[in-house]
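These protein sequence lines are chains A and B, in that order.
When we follow this note's numbering, the leftmost residue of the first sequence carries the number 19, and every step to the right adds one.
When we follow this note's numbering, the leftmost residue of the second sequence carries the number 29, and every step to the right adds one.
We put the CB at the ideal spot given by N, CA and C, even for glycine.
A short worksheet on the structure shown next.
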Amino acid sequence: MLEYRVEIALWAISGIIPFFMLNIWTNNNLNESINISDLMLSRYFLCAFFVRQFSVVWVVFSFEEDSLMGKVSPYLIQPLNPFLRYFAQHLAEQITRFPFALIIAFFFFIFNPESIWIPNIGILFLSTISTFLSFLIQFLIQSIVACLCFWTEKASSIERLLFIPTLFLSGLLAPVVSFPEYVKSWIYLTPFPYLIDFPANLLSGNKTNIIGGFSMQILWILLLFPVFKKIWYEGTKKYTAMGS
Amino acid sequence: MVKNIIDVRNLSKSFDISYKEPGLKGTIKHFLKRQTKSLEVIKNISFAIKEGEIVGFLGANGAGKTTILKMLCGLIYPSEGSILVSGYLPFRRKENFLKNITLIMGQKQQLIWDLPPIESFYLNASIYDLDKFEAKRRIKKLSDMLEIDDELFIPVRKLSLGQRMKSELLAALIHEPNILFLDEPTLGLDINAQRNLRQFLKKYNEETNSTICLTSHYMKDITSLCKRVICIDNGSISYDGKLDLLLKKLSPVKEILIICRSEEDAFQLENLGFNVKNKTKNEITIKVENKSITSSLKTILNNFDIEDLYINEPPIDEIIGKILIKKDHDI
Chain A
19 MLEYRVEIAL
29 WAISGIIPFF
39 MLNIWTNNNL
49 NESINISDLM
59 LSRYFLCAFF
69 VRQFSVVWVV
79 FSFEEDSLMG
89 KVSPYLIQPL
99 NPFLRYFAQH
109 LAEQITRFPF
119 ALIIAFFFFI
129 FNPESIWIPN
139 IGILFLSTIS
149 TFLSFLIQFL
159 IQSIVACLCF
169 WTEKASSIER
179 LLFIPTLFLS
189 GLLAPVVSFP
199 EYVKSWIYLT
209 PFPYLIDFPA
219 NLLSGNKTNI
229 IGGFSMQILW
239 ILLLFPVFKK
249 IWYEGTKKYT
259 AMGS
Chain B
29 MVKNIIDVRN
39 LSKSFDISYK
49 EPGLKGTIKH
59 FLKRQTKSLE
69 VIKNISFAIK
79 EGEIVGFLGA
89 NGAGKTTILK
99 MLCGLIYPSE
109 GSILVSGYLP
119 FRRKENFLKN
129 ITLIMGQKQQ
139 LIWDLPPIES
149 FYLNASIYDL
159 DKFEAKRRIK
169 KLSDMLEIDD
179 ELFIPVRKLS
189 LGQRMKSELL
199 AALIHEPNIL
209 FLDEPTLGLD
219 INAQRNLRQF
229 LKKYNEETNS
239 TICLTSHYMK
249 DITSLCKRVI
259 CIDNGSISYD
269 GKLDLLLKKL
279 SPVKEILIIC
289 RSEEDAFQLE
299 NLGFNVKNKT
309 KNEITIKVEN
319 KSITSSLKTI
329 LNNFDIEDLY
339 INEPPIDEII
349 GKILIKKDHD
359 I
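See the structure below:
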């Protein structure tokens, strides 16, 4: 079972992009241009790391593999949508990652003791909710892309196209506030800033529009869910039970 | 009167298949302008299956047996025609319909690889809304029937193929379905495991009056379980009826080995007009049509001094094998 523990630890460690980005930002004094202090920036990237840990989704890859190997067939004749299985798997893995994420945070605070803070319970609760909503948005987006497996064998290639805006516009590499004003207004209309930027700002105590952020998260879920239902319904009609 | 639980009328299924020429030129052509062709794999078939029946689907590889099973259980959408299974349209996959059926595909597993089977059983029990007490009762009952016990607590990846198959069966039957679709359930199992599985299915059918639709290339599965067979040839039904009638139809002659007391009797017998297969000193093997067996035996026993006599049925494998040869359309 050692390999599974190592795998989970490696998964947790693989999400440390925000710490690299923090290093780049602070070493080059880039934060001065956006009026965020070193302290708030380091908290932001730590929170971005946490939000990422609990909202990362890989359902498109799992579904694509299962679909090509014929593993989806037994799931399809059970009275449970197969995506709920993947949903449960993601939740289970998030719980498993939690201790590893805490260990990484512990080391972060050792090297950045000035960043230590305890968010108040209300903020903690709201950011937990917004992280879960962020996970739901990402899960729905990837599930819609995963359903394209019914038409094409390589739906994950389409997901890679989505990965680029997710990386740049979600706040993983830079807080969205650092973008020029005219770009920002467009970015906030997409689902991307509500994946990392909004929950991370909320948790780290940076200034953010809480009601606006939650409204957009819920709006995107309400928009994506019927799209998923429709594409699932149409896709299962096209299913050929490949590989079985 | 026993009601029909499966009713299939004028069912057809076509798949779009893309073709690619070999080499770089073919790849570029395929990338720029993909050529597809509609392939009709099931052609206007109709049949009905009664509650409690065990029906075997026979046919060569690619004949369309598995496609029929997949349509019956709602996994794939039919192109034309109608299917009613237990009063439901399978492809709509209504919850009550799904709770009534199961599909078992040899070598395809639903058990969670890294966990003991018992975990998958409880997961399935939750999916089918069984409470823990009822799930425990069913797991106990089925594991007794399947003769698996300790294996329930060993990770699936550590189990042998036979143990895994039994666990798969348990997982697929925990909701006590009325209709079982079995696609090559004994594939890859050793002789003992195959026999055990067949015994289990027979017992399950007797105890629950469940309907079983089965495809298998192991003839023993068909002969020991199915009274009725449906032969599929190139997407069409070439025979639908009792297995023993099919065997008679395909093998209208029996071989009779006669051991005479004298060589002279054997010689006279040879010249009596029978279809002689072979002859050695006082032993002679003749081929007789099924309908003339009684009269032929009467003639032989009344006129010759016979030491011993054997009537040989041709091996069933050989007979059914004829169905699997695509050239043989005259069933």
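Subject >> Proximal chain A residues relative to B/I286, where beta-carbon distance stays under 9 Å >> reply: Here residue 286 of chain B refers to the residue found at position 258 of the second sequence. Contact annotation for B/I286 against chain A: no contact, minimum CB-CB distance about 52 Å [criterion: below 9 Å].
Original post:
A/L166 touches chain B at which residues, Cβ-Cβ below 7 Å?
Top reply: Within the first sequence, residue 166 of chain A is the residue found at index 148, counting from 1. Neighbours of A/L166 on chain B: none; closest Cβ ~16 Å, over 7 Å.
Original post:
For B/S114 and chain A, any beta-carbon pair shorter than 8 Å?
Top reply: The residue given as residue 114 of chain B occupies position 86 in the second sequence. It does not: the Cβ of B/S114 has no partner Cβ on chain A nearer than 8 Å.
**OP:** Write down the C-beta distance between B/L197 and B/L174 rounded to the nearest angstrom, noting that I regard them as a contact closer than 8 Å.
**Re:** Taking the first residue of the second sequence as position 1, residue 197 of chain B is located at position 169. Taking the first residue of the second sequence as position 1, residue 174 of chain B is located at position 146. Going by Cβ atoms, the distance from B/L197 to B/L174 rounds to 6 Å, so yes, they are a contact pair.
**OP:** Closer than 7 Å, Cβ to Cβ, to anything on chain A: give me those residues from the region 81-114 of chain B, in chain order.
**Re:** If the cut-off is 7 Å between Cβ atoms, the region 81-114 of chain B has K98, C101, G102, L103, I104, Y105 near chain A.
Subject >> Contacts around A/F127, its chain only, beta-carbon distance under 7 Å, and the 5 residues preceding and following it disregarded >> reply: Here residue 127 of chain A is taken as the residue at index 109 of the first sequence, counted from 1. Closer than 7 Å at the Cβ level, and outside the excluded window around A/F127, lie S133, I134.
Subject >> Beta-carbon contacts of B/K354 that lie in its chain and below 6 Å, excluding the five residues immediately before and after >> reply: Residue 354 of chain B sits at position 326 when you count from the first residue of the second sequence. Because the pLDDT of B/K354 is 49, which lies under 50, any placement of that residue in the model is unreliable, and the number read from its coordinates should be weighed accordingly. Excluding five sequence positions before and after B/K354, the CB atoms of its chain that fall closer than 6 Å to its own CB belong to A88, given in chain order.
Original post:
Can you name the start and end residues of the beta strand (DSSP E) that B/K53 belongs to?
Top reply: Within the second sequence, the letter at position 25 stands for residue 53 of chain B. Where B/K53 is concerned, there is no enclosing beta strand (DSSP E), although the alpha helix (DSSP H) it sits in stretches over 51-60.
Original post:
Quick one: complete beta strand (DSSP E) runs, 3+ long, within the region 195-262 of chain B?
Top reply: With a minimum length of 3 residues, the continuous beta strand (DSSP E) runs that stay inside the region 195-262 of chain B are 207-211, 239-243, 256-261.
Original post:
Which residues does DSSP pair with B/Q63 in a beta bridge?
Top reply: On the second sequence, position 35 is the one that residue 63 of chain B refers to. Bridge partners of B/Q63: B/Y47.
Original post:
What did DSSP end up calling A/F243 once you bin it into helix, strand or coil?
Top reply: As a first step, residue 243 of chain A is located in the first sequence; it is residue number 225 there, counting from the start. When secondary structure is reduced to three states using DSSP, A/F243 falls in the helix class.
Original post:
Taking Cβ positions, are B/T95 and B/K61 nearer each other than 8 Å?
Top reply: Working through the second sequence from its first residue, we reach residue 95 of chain B at position 67. Working through the second sequence from its first residue, we reach residue 61 of chain B at position 33. Not a contact, by the Cβ cut-off of 8 Å.
Original post:
Using a beta-carbon distance below 8 Å, is B/D356 in contact with chain A?
Top reply: As a position in the second sequence, residue 356 of chain B is number 328, starting the count at 1. Only weak support is given to the placement of B/D356: the predicted model assigns it a pLDDT of 47, under 50, and the value that follows is read from those uncertain coordinates. Under the Cβ criterion of 8 Å, B/D356 is not counted among the residues facing chain A.
**OP:** Within the region 74-114 of chain A, note down every full beta strand (DSSP E) run reaching 3 residues or more, in order along the chain.
**Re:** Runs of the beta strand (DSSP E) inside the region 74-114 of chain A: none found.
**OP:** Enumerate in chain order the residues of its own chain whose CB-to-CB distance from B/I207 is below 7 Å, with the five nearest sequence positions on each side excluded.
**Re:** Along the second sequence, read from residue 1 onward, the residue named residue 207 of chain B stands at position 179. Cβ-Cβ distances below 7 Å link B/I207 to I33, V113, S114, N128, I129, S238, T239 in the same chain, with the five nearest sequence neighbours on each side left out; the list follows chain order.
Original post:
Quick one: Cα of A/A110 to Cα of A/W169, how far?
Top reply: For the purposes of this step, residue 110 of chain A is taken as the residue at position 92 of the first sequence. For the purposes of this step, residue 169 of chain A is taken as the residue at position 151 of the first sequence. Rounded to whole angstroms, the separation of the alpha carbons of A/W169 and A/A110 is 30 Å.
Original post:
Which residues, in chain order, does the region 83-116 of chain A contribute to contact with chain B at a C-beta distance below 8 Å?
Top reply: So the close ones are G88, K89, S91, P92, Y93, L94, I95, Q96, P97, L98.
Original post:
Pick from B/S324, B/F302, B/D293: whose alpha carbon is nearest that of B/K309?
Top reply: Taking the first residue of the second sequence as 1, we reach residue 309 of chain B at position 281. It is B/D293 whose Cα lies nearest to the Cα of B/K309.
Subject >> Contacting positions in the region 245-262 of chain A - beta carbon closer than 8 Å to chain B >> reply: Look at the region 245-262 of chain A: the residues with a C-beta under 8 Å from a C-beta of chain B are T254, K255, K256, Y257, T258, A259, S262.
**OP:** Using a Cβ cut-off of 7 Å, pull out every chain A residue sitting near B/L126, in sequence order please.
**Re:** Taking the first residue of the second sequence as 1, we reach residue 126 of chain B at position 98. Simply I95, Q96, P97.
Subject >> 3-residue-minimum beta strand (DSSP E) runs that sit fully inside the region 150-179 of chain A, ordered along the chain >> reply: Within the region 150-179 of chain A, no complete beta strand (DSSP E) run reaches 3 residues.
**OP:** Taking 8 Å as the threshold, find out whether the region 294-307 of chain B comes into contact with the region 318-335 of chain B through three or more Cβ pairs.
**Re:** Touching, yes.
Subject >> Delimiting residues of the alpha helix (DSSP H) encompassing B/F85 >> reply: For the purposes of this step, residue 85 of chain B is taken as the residue at position 57 of the second sequence. No alpha helix (DSSP H) contains B/F85, which is instead part of the beta strand (DSSP E) from 82-86.
Subject >> Given B/M193 as reference, the closest of B/S279, B/K65, B/Q222, B/P106 once Cα atoms are compared >> reply: The sequence position of residue 193 of chain B within the second sequence is 165, counting from 1. Per the Cα distances, B/Q222.
Subject >> Any C-beta of chain A under 8 Å from that of B/L131 >> reply: Reading the second sequence from its first residue, position 103 is the one you call residue 131 of chain B. Closer than 8 Å to some Cβ of chain A, the Cβ of B/L131 qualifies, so yes.
Subject >> Coil, strand or helix - B/F302 by DSSP >> reply: Locating residue 302 of chain B in the second sequence gives position 274, where the first residue counts as 1. Note: B/F302 maps to coil in three-state DSSP.
Original post:
Can you give the Cα-Cα distance for A/F38 and A/N99, rounded to whole angstroms?
Top reply: For this step, residue 38 of chain A is matched to residue 20 along the first sequence. For this step, residue 99 of chain A is matched to residue 81 along the first sequence. A/F38 and A/N99: Cα-Cα distance of roughly 39 Å.
Original post:
According to DSSP, is B/H357 helix, strand or coil?
Top reply: Your numbering for residue 357 of chain B matches position 329 in the second sequence. Confidence at B/H357 is low in this model, with a pLDDT of 48, below 50, so its placement is unreliable and the value that follows should be read with caution. The answer is coil: DSSP assigns B/H357 none of H, G, I, E or B.
Subject >> Chain-order list of residues whose beta-carbon lies under 8 Å from that of A/L166 (same chain, five-residue window excluded) >> reply: Indexing the first sequence from 1 puts residue 166 of chain A at position 148. The beta carbon of A/L166 sits closer than 8 Å to the beta carbons of A173, I176, I249, G253 from its chain, once the five residues preceding and following it are set aside; these are given in chain order.
Subject >> Neighbour flag for B/Y156 against chain E, beta carbons, 8 Å >> reply: Among the chains of the structure shown, chain E does not appear; the protein chains present are A and B.
**OP:** Could you confirm whether any beta carbon from chain A is found closer than 8 Å to the beta carbon of B/N38?
**Re:** As a position in the second sequence, residue 38 of chain B is number 10, starting the count at 1. B/N38 does not count as touching chain A.
Original post:
Using a C-beta to C-beta distance shorter than 7 Å, which residues of chain A count as neighbours of B/E123?
Top reply: Working through the second sequence from its first residue, we reach residue 123 of chain B at position 95. Ordered by position in chain A, the residues that pass the 7 Å Cβ test against B/E123 are P97.
Original post:
Alpha carbon to alpha carbon, how far is B/H357 from B/S279?
Top reply: Within the second sequence, numbered from 1, the residue matching residue 357 of chain B stands at position 329. Within the second sequence, numbered from 1, the residue matching residue 279 of chain B stands at position 251. With a pLDDT of 48 at B/H357, under the threshold of 50, the modelled position of this residue cannot be trusted; read the value that follows with caution. When rounded, the separation of the alpha-carbon atoms in B/H357 and B/S279 is 15 Å.
Original post:
So, are the CB atoms of B/E108 and B/R256 less than 8 Å apart?
Top reply: For this step, residue 108 of chain B is matched to residue 80 along the second sequence. For this step, residue 256 of chain B is matched to residue 228 along the second sequence. Their beta carbons are not under 8 Å apart, which means B/E108 does not touch B/R256 by this criterion.
**OP:** Taking only the alpha-carbon atoms, compute the straight-line gap between B/C254 and B/Y246 and give it to the nearest angstrom.
**Re:** What you label residue 254 of chain B is simply residue 226 of the second sequence in a count that begins at 1. What you label residue 246 of chain B is simply residue 218 of the second sequence in a count that begins at 1. Pairing B/C254 with B/Y246, the inter-Cα distance amounts to about 12 Å.
Subject >> Cβ of B/Q138 within 8 Å of any chain A Cβ >> reply: The residue labelled residue 138 of chain B in the question sits at position 110 within the second sequence. Closer than 8 Å to some Cβ of chain A, the Cβ of B/Q138 qualifies, so yes.
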